[in-house]
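Here's the structure we're looking at; comments come further down.
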Amino acid sequence: MNIHFPSADEAYIKQQVEEGFYSNATELVRDAVRRLREANEQRVALLAAVQVGEDQITRGEYRTYTPELVAEIKRNARDKAQRGHQPNPDVLP
0 MNIHFPSADE AYIKQQVEEG FYSNATELVR DAVRRLREAN EQRVALLAAV
50 QVGEDQITRG EYRTYTPELV AEIKRNARDK AQRGHQPNPD VLP
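Numbered by numbering that gives the first Met the number 0, the letters in the sequence shown go through residues 0 to 92 in order.
Pasting the structure below:
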């Protein structure tokens, strides 16, 4: 496969290689494609999660966000922590 870049992109690629960020242009392009693929996979996963949420709302499977609900969530979290329950790493920052 041969790829031709505009001169500005070619200069940028050469600069990245010269500055040592990549050992060669092929490595940079592979990294760029990998990052693009990962971004697309994340976008698809996010859209799927949004669809799950929209479906739950449509079915009435939700609770209104209120100060009382926040207090309940905090209370449940503290209770679980005291019992030694480990939080789900997927929901931690």
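For each residue, glycine too, the CB sits at the ideal point set by N, CA and C.
Task: C-beta contact flag for V16 and N23 at 8 Å - done: In this structure, V16 places its C-beta atom within 8 Å of the C-beta atom of N23.
Task: Delimiting residues of the alpha helix (DSSP H) encompassing I56 - done: Per DSSP, the continuous alpha helix (DSSP H) segment holding I56 begins and ends at A24 to T57.
- [ ] Starting from E17, trace the alpha helix (DSSP H) both ways and give me its first and last residue.
- [x] Start and end: S6 to E17.
Task: Integer Cβ distance of L68 from R62, believed to fall under 8 Å - done: With 8 Å as the limit, L68 and R62 qualify as a contact, their Cβ atoms being about 6 Å apart.
Open item on the list: Please tell me whether I12 and L35 are closer than 8 Å, where the distance is taken between their beta carbons.
Closed with: Not closer than 8 Å, so no.
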